[in-house]
Amino acid sequence: MKAWRFLLVLLAVGFSGLAPAKEAVPLAADEAVEKRLLAISEELRCLVCQNETLAASRADLAQDLRREIRQMIHEGKNDKEIIDFMVARYGDFVLYRPPLKPATWLLWGGPFVLLGGGLWALIAFLRRQKLQAAPPLSAADHARARALLEATDPTDTP
């Protein structure tokens, strides 16, 4: 039994060395460049991830884009030029907060339109329910209900 455990541990340790390692995230060579990179990448969306900034994403594409932004910072481009380059290349979707312009009106106004439509549907439904009141009970129905209530033993309640 001990031999099997030893063999299992030996195999696990042996195969763990074969696991591929990812490229290490570059350390901040220049702290000012890294601060600018972080500020710019907070304004940009990861194109692969759902609702995640470029700074927070761990996707390979996000790492490539951060590397490209870092290179553009080293080339002396300002923040607006870098963001404009990304928008020209990937469209307004790359912006984490898209601008308010005719092409994005539905994006900004859509939630309010849906909320208004939902409220309208709720009000219409409630009005329709109010108009369809239950018919009044007849004398026979009242008598039957009274008989059922009197026949019920009050000690049977759970």
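Residue numbering for the sequence shown follows this note's numbering, beginning at 225 and increasing consecutively.
Backbone N, C-alpha and C fix where the C-beta goes; we use that ideal spot for every residue, glycine too.
Nothing here was measured: the structure is a model prediction, and the numbers come from that model.
| said: What would DSSP say about L261, mapped onto helix, strand or coil? | reply: The residue you call residue 261 lines up with position 37 of the sequence shown. In the structure shown, L261 sits in a helix (DSSP, three-state: H, G or I).
| said: Taking 8 Å as the threshold (C-beta atoms), are L285 and L271 in contact? | reply: Counted from its first residue, the sequence shown places residue 271 at position 47. Counted from its first residue, the sequence shown places residue 285 at position 61. Contact: yes.
| query | Nearest to D254 by alpha carbon, out of R294, E276, F230? | reply | Within the sequence shown, the letter at position 30 stands for residue 254. Among R294, E276, F230, the Cα nearest to that of D254 is on R294.
| field | CA-to-CA distance, A227 to L234, given in whole angstroms | value | Within the sequence shown, the letter at position 10 stands for residue 234. Within the sequence shown, the letter at position 3 stands for residue 227. Cα-Cα distance, rounded: 10 Å.
| query | What residues are listed by DSSP as bridge partners for R290? | reply | In the sequence shown, residue 290 corresponds to position 66, counting from 1. None, per the DSSP bridge assignment.
| said: Classify V237: buried if its beta carbon has 16 or more other beta carbons within 10 angstroms, exposed otherwise. | reply: Indexing the sequence shown from 1 puts residue 237 at position 13. By the neighbour-count rule (16 or more Cβ atoms within 10 Å), V237 is not buried but exposed.
| When the Cα atoms are used, what is the spatial distance from L319 to L343? | Start at 1 with the first residue of the sequence shown, and residue 319 comes out as number 95. Start at 1 with the first residue of the sequence shown, and residue 343 comes out as number 119. Their backbone Cα atoms lie some 31 Å apart in a straight line.
| message | Just to confirm, is the Cβ distance from E292 to T277 under 8 Å? | response | Stepping through the sequence shown from its first residue, residue 292 is reached at position 68. Stepping through the sequence shown from its first residue, residue 277 is reached at position 53. Result no, Cβ atoms of E292 and T277 do not sit closer than 8 Å.
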